[in-house]
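Have a look at the structure below before the remarks.
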Amino acid sequence: MGEQELFWVMSPVIVLASLTLLFARKAVYVLAGMIVVMIGLAVFYVTLEAPFLGMIQVIVYTGAIMMLILFVLMLVGVDQKESLRETIRGQRWIALAAATGLVVLIVTTVYRIELPIRDIGGMNDGGNPQVIANALFGEWVLVMEILGLVLISAAVSAIVLTHLPRSGDRRSQAERAEERVRARLNPVNKPMPGVYARRNALDVPAIDPEGKPVPASISRVLKARKQDKDGSEWRAIGKDEAAE
Amino acid sequence: MIPEDTVVDPMYFVVLATILFSIGAVAVLLRRNAIVALLGVELMLNASNLLFVAFARSHRDVSGQALAFFVMVVAAAEVVVGLALIITLFRSRQTISLDEPMDLRG
């Protein structure tokens, strides 16, 4: 009881979830399927007595890489339509035939060798992370150094690729104020809602020096929803005038 | 320790990993969406990782797990650069389809 049953339960789940790569129309569904695949593989790693890799799979793959792809998907491609027109004739059938051939080739080739069916034995004594750390910083330390280099160059290249240079010089606040005066616009900043009014709620317009409400001080959204007040009942002198 | 007769034959993992690898490869070949193609590459890398871990247990050698760890690191770097390229493509052409930038043709 245990490992065999887990394998036969998890592997159909993983294969079905990975089939979203081929059949799901929306990229978000593909991503959701891939997250299921990643978590299923983490389960396999733990049963294969590699608990450290299982945790890394959940944290790095599911938690970081998939979420990063999700961010970019939401940024650029969530409503992109994918054209189903084939640019190369028969490409779909050629690809499927090649994939089937690949499965048959690899499985029949690997079936000829005899793999020992056994657990990991005493290899994990002292804890799996310690054992892996000994391997990483002992036998494979040069690969670790090179991978550090790879990671740094990847980070720098991503920053350089997505960097946008500023178009034109940065204008200072004094220059912008001067432009406003020259164009005979309002030379000062617009007041926040509620300035000099009785209340400072977001839907109460500010009051100008003459005691009139300033409509521009209220958000356009509130106006579109008709949730703004015209200001008459909140005006500082409004109530007194009404009393007279 | 786990009793000998409940341990899964690593050959099953070979079959599973091969199927996953082929699905990823077909996705790379067929899908037009650049992000989906990138996910296909991810699936192929993960299939190879599964084999590394299965063989590490079968051969009682923890090097396989170390190699799987390296594959994960390289995959993370690859995703970062790939997504940066996709964003750059989207900025210049407003699409992430792999077929539409046809002006690369001579």
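Chain order of the listed sequences is H and X.
Heads up, the first sequence is in the numbering used here, so the first residue is 9 and it goes up one at a time.
Heads up, the second sequence is in the numbering used here, so the first residue is 690 and it goes up one at a time.
Built from N, CA and C at the ideal position, the CB exists for glycine as well.
| Check | Outcome |
| --- | --- |
| Are the segment 54 to 65 of chain H and the segment 754 to 764 of chain X touching, with three or more C-beta to C-beta distances below 8 Å? | yes |
| Along the chain, where does the alpha helix (DSSP H) that runs through A105/H open and close? | 99 to 118 |
| Helix or strand or just coil, what does DSSP make of N136/H? | helix |
| From R192/H to G156/H, what distance separates their C-alpha atoms? | 58 Å |
| Distance cutoff 9 Å, beta carbons only. Does E147/H sit that close to anything in chain X? | yes |
| By the three-class DSSP mapping on this structure, what secondary structure does V704/X have? | helix |
| Run the CB neighbour count on A723/X, radius 10 Å, all protein chains shown included, and call it buried at 16 or more, exposed below. | buried |
| Between which two residues does the alpha helix (DSSP H) containing K34/H stretch? | Careful: K34/H lies outside any alpha helix (DSSP H) and carries neither H nor E. |
| Within the continuous alpha helix (DSSP H) that includes S165/H, where are the two ends? | 149 to 170 |
| Could you tell me the distance, in whole angstroms, from the CA atom of V21/H to the CA atom of I712/X? | 14 Å |
| Measuring CA to CA, which of L732/X, A716/X, R721/X is closest to S42/H? | Note on identity: in this sequence residue 42/H is Met, with Ser being the wrong assignment. Of L732/X, A716/X, R721/X, the residue nearest in Cα terms is L732/X. |
| In whole angstroms, what is the alpha-carbon distance linking L123/H and V742/X? | 14 Å |
| Thinking just about the alpha-carbon of each residue, which of I775/X, S737/X, P699/X, A706/X is nearest to the one in L253/H? | One cannot answer for residue 253/H here, as it falls past the ends of chain H, which runs 9 to 252. |
| Is it the case that the segment 699 to 715 of chain X contacts the segment 114 to 121 of chain H, given that we only count it when at least three CB pairs across the two stretches are under 8 Å? | yes |
| Which residues does DSSP pair with A253/H in a beta bridge? | A question about residue 253/H goes unanswered here, because the residues of chain H that appear run from 9 up to 252. |
| Which of the three DSSP states, helix, strand or coil, is assigned to S180/H? | coil |
| Considering only their Cβ atoms, is the gap separating I73/H from A764/X smaller than 9 Å? | yes |
| Determine whether the beta carbon atoms of I29/H and L728/X lie at a separation below 9 Å. | A small correction: the amino acid at residue 29/H is Leu; Ile does not occupy that position in the sequence shown. Their beta carbons are under 9 Å apart, which means L29/H touches L728/X by this criterion. |
| Quick one: is G98/H buried, meaning 16 or more other Cβ sit within 10 Å of its Cβ, or exposed? | exposed |
| Taking 8 Å as the line, does the beta carbon of F741/X fall inside it for any heavy atom of the ligand ZN? | Within the structure as shown, the ligand ZN is missing, as the structure has no ligands at all. |
| Report the rounded CA-to-CA distance for K220/H versus S180/H, giving the unit in angstroms. | 32 Å |
| Count the other CB atoms, across all protein chains shown, that sit within 10 Å of the CB of M46/H; report buried if there are 16 or more and exposed otherwise. | buried |
| Note down the Cα distance separating N136/H from A50/H, rounded to an integer number of angstroms. | 15 Å |
| Helix, strand or coil: how does DSSP classify N197/H here? | coil |
| With a cut-off of 8 Å on the beta carbons, I'd call S225/H and V203/H a contact; round off their distance for me. | 7 Å |
| Of the residues V697/X, T777/X, Q783/X, which one's Cα is nearest the Cα of Y53/H? | V697/X |
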